[in-house]
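Below is one structure, written out as structure tokens; comments come after it.
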Amino acid sequence: SNCETFQSRRTEIRYRPEPGAKAEYVHTLNGSGLALPRTVIAILENYQQADGSVVVPEALRPWMGGVELITVGVDDV
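Counted the way UniProt numbering counts, the sequence shown spans residues 1 to 77.
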């Protein structure tokens, strides 16, 4: 089922449609077959770097537009 922005608002999952654009909440699908929050936590725990950036696992890169590293700066929040 489509949860629209309900889950992403609770977990603060946002994206920028283009550089410099306002961050928007993503629409999510019900993750009843997978404990979605636990999956995201596991990825963060295993791929977060000392500087706070997160390496995108190779298997997920095709769905992330080829992004290899997620960084957060003061201007991104």
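We put the CB at the ideal spot given by N, CA and C, even for glycine.
Shown here for residue 8: same chain residues with a beta carbon closer than 6 Å to its own, the five before and five after excluded, namely 25, 26 and 28 in chain order.
Under the three-state reduction of DSSP, residue 55 is assigned to strand. Note on geometry: alpha-carbon atoms of residue 21 and residue 64 lie some 18 Å from one another. If you look at residue 45, you'll find it in the alpha helix (DSSP H) that goes 36-47. By the CB criterion at 8 Å, residue 44 and residue 54 fall inside the cutoff.
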